[in-house]
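As structure tokens, the structure follows; a few thoughts come after it.
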Amino acid sequence: MRAFAYSRPVTLGAVVQAPPCSRYLAGGTNLIDLMKADVEQPEYVINIKALPLGDIRPLPDGGGGLGALATNARTAAHPLVRARYPLLAAAILAGGSPQVRNMATNGGNINQRTRCHYFYDIGTVCNKREPGAGCAAIGARNRVHALLGTSPDCMAAFPSDMCVALAALDARVNLFGPGGARQVRIRDYHCLPGRTPWVENVLRRNELVVGIDLPPVSFGSHYTYLKIRESRTCAFAIISVAVGLEMEGGVIRHGRVALGGVATRPWYVPAVEDMLRGRSPSATLFHDVARLLLHGAVHDQGNADRLALAPRVIQRALWQAVTGSPPCQPCAGMP
Amino acid sequence: MNATRNACTCSLKVNGALFRKDVPPTVILLDLLRECLGLTSVTQGCDHGHCGACTALLDGVPVQSCLVLAISVPDAEVVTAEAFFPPGSGLLHHIRQRLLTAAGPQVCSACLPARLLCLLAQATDGQPPSPAEIEAFIHASPCLCGGQAREEPVSMSRSRHEGVA
């Protein structure tokens, strides 16, 4: 690891005055790993763990507020989250290992970087590491790479599980920087790679995530987070699906679906809400939902099997949510 | 902002003993525990936070010590497997032998201290875990740095009662 200057400010005002080439350190599960791999080479490491951003509380509008420095483990175990946002708890618990969740923070989870092998391997070219260098993943071994939202410059998948649930819940991200505070929908927070894969989110210089606001709509009864992966723990998604439905008399009154592991950012298609609204669950409907979600998907030579797998996983997740069965359980009502 | 590249004071309580030393900001907690304090139950496995062999308890919760800057957790309480299985006591060896007898060479010795440490961290009531709890835990926490063992439940009561915790 390269040498860096270290500080541990205790106020937000001091944190956002960080010099150029700084990185904020919270849980460290991604940043320290990247610094060891020499992918991140910060001049300054600003430890923000002394900031009072660890609270989890109900909001006046009936929603929930998550502090950026609350750990993933604490968030998933919190009574507010467990009772009202079980979809979020399920997604968090599907990510990493217990040890990692004890360290990783909500703010860090949102800002984590891709686990693309070529991004981590400084012996290869990568447009995220070095703008304009090229993408070593395209045309190479790329089974875990994205199918949606890719560009000729990057096909790295966004790895978070938590953010997939946040996209389905339509959460808001609270930011604070030298210019003050602002709020961004989680669906707008992460950028598509386009011609600038190194720009991964809408954070401005020296801004940081200070919290996440969850809306009152929580999908407490009909939800699922279905994650397909190659190992039971500490494995990133081949594909994950977050589904939240509001059912009334066997009809879907309101529903949202988000995908993870297959896209360059948490993948959300607003038109799916309209497609689900007022419809009765059926194989035809869910087939159409999967097709709409995967519209525009492009596979490379290494990940074509996942394009075949994805619609089946989406449909299974929707049936699980309809019956209100626990996450990752076979669905009794599935045809 | 006051930032420094110089060595900073690392102040910890490790297995009940105070530790204070100036270290460079780049020092990782795993390396400090092994190389400065000789606590070799904390093992370097993947070194990227995946395998869990480097698990230590940080303020009571299991973390991957390979991803922690030593100076980033001032005045934290760190516990390693040595707190429960003192070197020379033979307790860890006893458990390992029983597991090896039950499951054969598939048992991963490298991360066994870390896995037992995770189990002990759950025993918040001070009571030793029951065989059923141990079995459930072992099934729910597969070894990630070696072959998954089909381990037989091992009572922890001996190690607890024989004077380590």
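Chains as they are written, first to last, in the working numbering: chain A, -17 to 317; chain B, 1399 to 1563.
Virtual Cβ for every residue (Gly too), placed ideally from N, Cα, C.
Predicted model, so just to flag it, every value in this text is computed and none were measured.
Taking the beta carbon of residue i as the centre, do at least 16 other beta carbons fall within 10 Å, making it buried, or is it exposed?
i                   : result
Arg4 of chain A     : A small correction: the amino acid at residue 4 of chain A is Ser; Arg does not occupy that position in the sequence shown. Counting Cβ neighbours within 10 Å, Ser4 of chain A comes out buried, since at least 16 surround it.
Leu1515 of chain B  : buried
Gly78 of chain A    : buried
Ser264 of chain A   : exposed
Asp20 of chain A    : exposed
Gln1520 of chain B  : exposed
Asn93 of chain A    : buried
Leu300 of chain A   : buried
Leu208 of chain A   : buried
His204 of chain A   : buried
Gly1561 of chain B  : A caution first: Gly1561 of chain B carries a pLDDT of 31, below 50, which makes its placement in the model unreliable, though a value can still be read off. Exposed: under 16 other Cβ atoms inside 10 Å.
Asn156 of chain A   : buried
Gly105 of chain A   : exposed
Phe(-14) of chain A : buried
Pro1460 of chain B  : buried
Val1425 of chain B  : buried
Ala254 of chain A   : A quick correction: the sequence has Val, not Ala, at residue 254 of chain A. Buried, since its Cβ has 16 or more Cβ neighbours within 10 Å.
Thr(-7) of chain A  : exposed
His277 of chain A   : exposed
Ser213 of chain A   : exposed
Ala0 of chain A     : buried
Pro160 of chain A   : exposed
Asn84 of chain A    : buried
Asp256 of chain A   : exposed
Thr1441 of chain B  : buried
May I ask which residues mark the beginning and end of the beta strand (DSSP E) holding residue i?
i                   : result
Asn156 of chain A   : Arg154 to Gly159
Leu1416 of chain B  : Ala1415 to Val1421
Cys1434 of chain B  : Note, Cys1434 of chain B: premise wrong, no beta strand (DSSP E); not H, not E.
Ala(-15) of chain A : That residue, Ala(-15) of chain A, is in no beta strand (DSSP E); it is neither H nor E in DSSP.
Ala163 of chain A   : Gly162 to Arg167
Could you give the DSSP three-state label for residue i: helix, strand or coil?
i                  : result
Asn93 of chain A   : helix
Asn88 of chain A   : helix
Arg1556 of chain B : Low local confidence applies: a pLDDT of 34 at Arg1556 of chain B is under 50, so the model's placement there is unreliable, with the coordinate-based value given in what follows. Correct three-state label for Arg1556 of chain B: helix.
Met229 of chain A  : strand
Gln311 of chain A  : Interpretation of Gln311 of chain A is limited by its pLDDT of 41, a score under 50 that renders its predicted location unreliable; the figure taken from the coordinates is listed afterwards. Note: Gln311 of chain A maps to coil in three-state DSSP.
Leu300 of chain A  : helix
Ala1481 of chain B : helix
Thr1441 of chain B : coil
Leu(-3) of chain A : For the record, residue -3 of chain A in the displayed sequence is Val; it is not Leu. Helix, per DSSP.
Val83 of chain A   : Note that residue 83 of chain A is Arg in the sequence shown, not Val. Residue state, collapsed to three classes: helix.
Leu1456 of chain B : strand
Ser4 of chain A    : strand
Ala1470 of chain B : Correcting the residue type first, residue 1470 of chain B is Ser in the shown sequence and not Ala. If DSSP states are grouped into helix, strand and coil, Ser1470 of chain B belongs with the helices.
Thr305 of chain A  : helix
Ala1563 of chain B : Any reading at Ala1563 of chain B must be qualified, since the residue scores a pLDDT of 27, below 50, and its modelled position is unreliable; no value is offered.
Gly1545 of chain B : Note on Gly1545 of chain B: pLDDT 44, under 50, position unreliable in the model; no value is reported.
Val1476 of chain B : strand
Leu1489 of chain B : helix
Ser1463 of chain B : helix
Arg111 of chain A  : coil
Val239 of chain A  : strand
Leu129 of chain A  : coil
Ala245 of chain A  : strand
Arg261 of chain A  : strand
At which residues does the alpha helix (DSSP H) containing residue i begin and terminate?
i                  : result
Gln283 of chain A  : Here Gln283 of chain A belongs to no alpha helix (DSSP H), and DSSP marks it neither H nor E.
Glu255 of chain A  : Ala253 to Leu258
Val271 of chain A  : Ala265 to Leu275
Cys1516 of chain B : Leu1510 to Gln1520
Val1412 of chain B : No alpha helix (DSSP H) holds Val1412 of chain B; the beta strand (DSSP E) holding it covers Cys1406 to Val1412.
Ala72 of chain A   : Pro68 to Leu75
Leu148 of chain A  : Met144 to Leu151
Phe101 of chain A  : His99 to Tyr102
Beta strand (DSSP E) segments (min. 3 residues) lying fully within the segment 9 to 66 of chain A:
Unbroken beta strand (DSSP E) runs of no fewer than 3 residues, entirely contained in the segment 9 to 66 of chain A, are found at 26 to 29, 38 to 40 and 46 to 49, following chain order.
Would you list, in sequence order, the uninterrupted beta strand (DSSP E) runs of no fewer than 3 residues that lie entirely inside the segment 170 to 236 of chain A?
Uninterrupted beta strand (DSSP E) stretches at least 3 residues long and entirely within the segment 170 to 236 of chain A occur at 190 to 196, 204 to 210 and 221 to 230, given in chain order.
Cβ pair count under 8 Å reaching 3, the segment 31 to 42 of chain A against the segment 169 to 177 of chain A:
A contact between stretches requires three or more CB pairs, one per stretch, nearer than 8 Å, and the segment 31 to 42 of chain A fails this requirement with the segment 169 to 177 of chain A.
So, do the segment 213 to 224 of chain A and the segment 283 to 297 of chain A have three or more beta carbon pairs nearer to each other than 8 Å?
The segment 213 to 224 of chain A is in contact with the segment 283 to 297 of chain A.
Three Cβ pairs or more, each shorter than 8 Å: is that satisfied between the segment 1401 to 1409 of chain B and the segment 232 to 250 of chain A?
Because the criterion of three Cβ pairs below 8 Å is not met, the segment 1401 to 1409 of chain B and the segment 232 to 250 of chain A do not touch.
At a cut of 8 Å, does the segment 193 to 204 of chain A reach the segment 225 to 232 of chain A through at least three beta carbon pairs?
Contact between the segment 193 to 204 of chain A and the segment 225 to 232 of chain A is present, because at least three Cβ pairs lie under 8 Å.
Flag this pair as touching only if the segment 62 to 69 of chain A and the segment 21 to 33 of chain A have three or more C-beta atom pairs under 8 Å; answer yes or no.
Between the segment 62 to 69 of chain A and the segment 21 to 33 of chain A there are fewer than three inter-stretch CB-CB distances shorter than 8 Å, so the stretches are not counted as touching.
contact_flag[the segment 4 to 15 of chain A, the segment 1430 to 1438 of chain B] where n(CB pairs < 8 Å) is 3 or more:
As far as the Cβ criterion goes, the segment 4 to 15 of chain A does not touch the segment 1430 to 1438 of chain B, which means the pair count is below three.
Would the segment 98 to 112 of chain A count as touching the segment 52 to 62 of chain A if we require 3 or more Cβ pairs under 8 Å?
The segment 98 to 112 of chain A, when compared against the segment 52 to 62 of chain A, does not touch it at the 8 Å Cβ threshold.
Closer than 8 Å is the cut-off here; do at least three beta carbon pairs connect the segment 270 to 285 of chain A with the segment 105 to 125 of chain A?
Inter-segment contact for the segment 270 to 285 of chain A and the segment 105 to 125 of chain A is present: three or more beta-carbon pairs are separated by less than 8 Å.
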